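Participant:
Protein chains in written order, with the numbering used here: chain F, 59 to 333; chain D, 59 to 333.
Below you can see the structure in the form of structure tokens.
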């Protein structure tokens with residue numbers, strides 16, 4: 059899905075919600091746990107119930123990998139089940155030397171045909187370039203993440219020529235932005251830091267940001283929307299646990315839909331006056 | 059495998075070679091490519107031919123992931139085939155928020171029972187802790203990597219209180235070292251930078267380092283040995299392509315063994331006077 063198509067989805071639905079399918083077999087409702095294909099059945103129900111109130115799904119690969127082969131089968135079934143109207147993200151946080159990153163890019167863009175994959179920047183340019191080389195695919199590089207550990211390294215001050223200082227995450231985003239374009243590169247910017255999100259939006263007016271941390275992690279949707287929206291929408295706000303584990307009743311999917319719809323209502327309000 | 063057991067392997071064999079199984083289906087010898095389980099057959103032959111001239115195997119997960127389900131099957135078969143005497147590393151470069159990193163730790167330490175997994179540090183403490191919580195398992199955190207891109211961020215100067223400056227990779231290693239111990243934590247330090255490896259050894263006299271970059275990437279085994287060895291050996295030097303693709307003849311495994319043995323001879327020399 060290219061930028062034009064993604065923006066059209068956001069504008070048509072007045073929605074920028076990404077539903078995170080961090081599906082943990084031990085946390086899904088009891089009535090599904092004995093199902094031979096429980097994770098896919100769970101995801102299918104969530105997708106059916108939420109697809110008209112979101113524009114994107116994010117699959118957190120860790121939860122599938124932890125199930126071994128059955129997990130990868132469920133991942134594959136899930137990504138095929140997501141309608142082509144929805145932007146698909148492999149939240150995989152990969153990154154390695156060039157020839158290895160090329161294999162990861164092949165995995166997520168060719169083998170599983172995701173629209174986007176998240177990438178960790180530590181190893182630098184040759185670890186990121188192989189992802190950016192795919193046309194109409196998206197590389198989503200970690201900028202400032204939503205977790206407490208973002209203080210440890212991302213928010214260190216680095217020296218940046220002529221005695222100037224900036225945060226490591228700013229330096230990372232600045233350098234990485236030069237390797238891609240707003241048509242094939244997004245950044246992860248956590249919802250738990252709306253003031254910093256506003257600063258980052260000023261520095262990067264065009265790029266889409268994937269914004270995790272609303273819901274279970276405590277970020278405010280209204281605040282991140284105010285800080286992050288641009289003329290194209292420009293943010294995909296992810297919520298995972300708050301939606302998919304809204305309840306553990308047999309009505310879990312419609313209960314999740316209610317939470318997703320509430321986010322959707324807030325998004326519609328936040329978009330008023332933008333388009 | 060705990061530290062005592064690992065050090066015993068290194069001392070008994072006078073060897074610290076790690077053979078990297080970066081097995082690319084398109085690069086294995088023609089006579090194997092049509093085999094229904096070509097990657098595992100290839101790995102099996104390499105393991106049979108090299109197990110008495112190395113102490114460790116490193117599986118680069120990217121190459122297996124890029125083959126879809128068949129790749130994960132081959133990975134599982136391979137890790138089960140490696141003798142229990144050999145230290146097994148999942149070179150996966152994972153790392154995410156705490157509850158997600160816990161899933162990755164489960165994947166590599168429980169589902170596939172590797173001794174060690176490589177972890178990317180960008181997201182900080184809560185992204186690394188879940189790996190360190192496993193007893194008798196090892197977390198191998200990226201310090202200074204062997205690739206060109208290590209200049210982009212790892213070698214930035216960061217401010218470190220009272221106006222002092224240090225490289226980002228130094229800061230990363232210093233902080234991470236406080237979260238683990240030399241019994242459960244190693245660092246990746248690239249072979250392409252032996253001078254820096256010597257400095258890093260001074261700062262971290264006890265830790266094991268996983269040293270990639272010898273062979274195809276150009277690092278010198280004699281130089282990294284001189285710079286990196288400590289009283290326990292303390293380094294695992296990885297070579298992948300130089301060994302596994304030593305030739306594409308039917309004799310590829312014994313050809314690989316010859317290269318591995320040459321490394322082993324150099325290692326024996328470098329260990330003279332240490333133990």
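Positions of the beta carbon are idealized from the N, C-alpha and C atoms, including for glycine.
The structure presented is a predicted model; accordingly, all values stated were derived computationally and were not measured.
#1: With distances taken between CB atoms, is the gap from residue 9/F to residue 153/D smaller than 8 Å?
#2: Give the DSSP bridge partners of residue 261/F, in chain order.
#3: Less than 8 Å separating the beta-carbons of residue 193/F and residue 127/D?
#4: Return the chain-ordered list of same chain residues with a C-beta closer than 6 Å to the C-beta of residue 311/D, the five sequence neighbours on each side being excluded.
#5: To the nearest angstrom, how far is it from the Cα of residue 189/D to the Cα of residue 163/D?
#6: Check this for me: beta carbons of residue 184/D and residue 156/D, under 8 Å apart or not?
#7: Can the beta-carbon of residue 197/F be found less than 8 Å from the beta-carbon of residue 177/F?
#8: By the three-class DSSP mapping on this structure, what secondary structure does residue 149/F have?
#9: Given a limit of 7 Å on CB to CB distance, which residues of the stretch 176 to 195 of chain F reach chain D?
#10: Quick check on the burial criterion: 16 or more other C-beta atoms within 10 angstroms. Buried or exposed for residue 298/F?
#11: Since I believe residue 247/D is in contact with residue 269/D (beta carbons under 8 Å), could you give me their beta-carbon distance rounded to a whole number of angstroms?
#12: Which residues in the same chain have their Cβ closer than 6 Å to the Cβ of residue 252/F, if we skip the five residues on either side of it in sequence?
#13: Which bits of chain D does residue 307/F rub up against, with CB to CB less than 7 Å?
#14: Three-state secondary structure (DSSP) at residue 207/D?
#15: For the stretch 194 to 216 of chain D, which residues have a beta carbon sitting closer than 8 Å to at least one beta carbon of chain F?
#16: Mind checking whether residue 146/D and residue 172/D have CB atoms under 8 Å apart?
#17: If you drop the 5 nearest sequence neighbours on each side, which residues of the same chain put their C-beta closer than 6 Å to that of residue 328/F?
#18: By the 7 Å beta-carbon criterion, what residues does the stretch 96 to 128 of chain D contribute toward chain B?
#19: Taking 8 Å as the cut-off, decide whether the C-beta atoms of residue 77/D and residue 261/D are in contact.
#20: Which stretch, first to last residue, makes up the beta strand (DSSP E) that contains residue 75/D?
#21: Using a Cβ cut-off of 8 Å (strictly closer), state whether residue 226/F contacts chain D.
#22: Assuming residue 314/F is part of the alpha helix (DSSP H), what are its boundary residues?
#23: Three-state secondary structure (DSSP) at residue 283/D?
#24: Which residue or residues does DSSP assign as beta-bridge partners of residue 201/D?
#25: Are the C-beta atoms of residue 154/D and some chain F residue less than 8 Å apart?
#26: Count the CB pairs spanning the stretch 113 to 128 of chain F and the stretch 62 to 78 of chain F that are closer than 8 Å, and state whether there are at least three.
#27: Which chain D residues are close to residue 164/F, counting only those with a beta carbon under 7 Å from its beta carbon?
#28: Residues of chain D with a CB under 9 Å from the CB of residue 131/F: which are they?
#29: Does the stretch 74 to 90 of chain F touch the stretch 287 to 303 of chain F, meaning 3 or more C-beta pairs lie closer than 8 Å?
#30: Count the other CB atoms within 10 Å of the CB of residue 158/D; is the residue buried (16 or more) or exposed (fewer)?
#31: Scan the stretch 212 to 275 of chain F and note each continuous beta strand (DSSP E) run of 3 residues or more that stays entirely inside, going in chain order.
#32: Is residue 123/F buried or exposed, if buried means 16 or more other CB atoms sit within 10 Å of its CB?
#33: Short of 8 Å Cβ to Cβ, which residues in the stretch 228 to 249 of chain D face chain F?
#34: Looking only at its own chain, which residues have a Cβ that is under 7 Å from the Cβ of residue 204/D, when we skip the five neighbours before and after it?
#35: For residue 140/F, I'd like the list of residues in its chain whose CB is within less than 7 Å of its CB, leaving aside the five on either flank, ordered along the chain.
#36: Check whether the Cβ atoms of residue 90/D and residue 136/D sit closer than 8 Å, and answer yes or no.
Facilitator: On the basis of the supplied data:
#1: As displayed, chain F neither begins before 59 nor continues past 333, which places residue 9/F out of reach and without an answer.
#2: Bridge partners of residue 261/F: none, in fact.
#3: no
#4: 103, 104, 107
#5: 5 Å
#6: yes
#7: yes
#8: strand
#9: 178, 179, 180, 181, 182, 183, 184, 185
#10: buried
#11: 6 Å
#12: 281, 282, 285
#13: Under the 7 Å cutoff, chain D gives no residues; its nearest Cβ is about 22 Å from residue 307/F.
#14: helix
#15: 200, 203, 204, 205, 206, 207, 208, 209, 210, 211, 212, 214, 215, 216
#16: yes
#17: 283
#18: Among the protein chains in the structure shown, which are F and D, there is no chain B.
#19: no
#20: 75 to 79
#21: yes
#22: 310 to 329
#23: helix
#24: None, per the DSSP bridge assignment.
#25: yes
#26: yes
#27: 124
#28: 127
#29: yes
#30: buried
#31: 215 to 217, 223 to 225, 243 to 247, 266 to 269
#32: buried
#33: 229, 230, 233
#34: 248, 249, 250, 270, 271, 275, 277
#35: 105, 115, 146
#36: no
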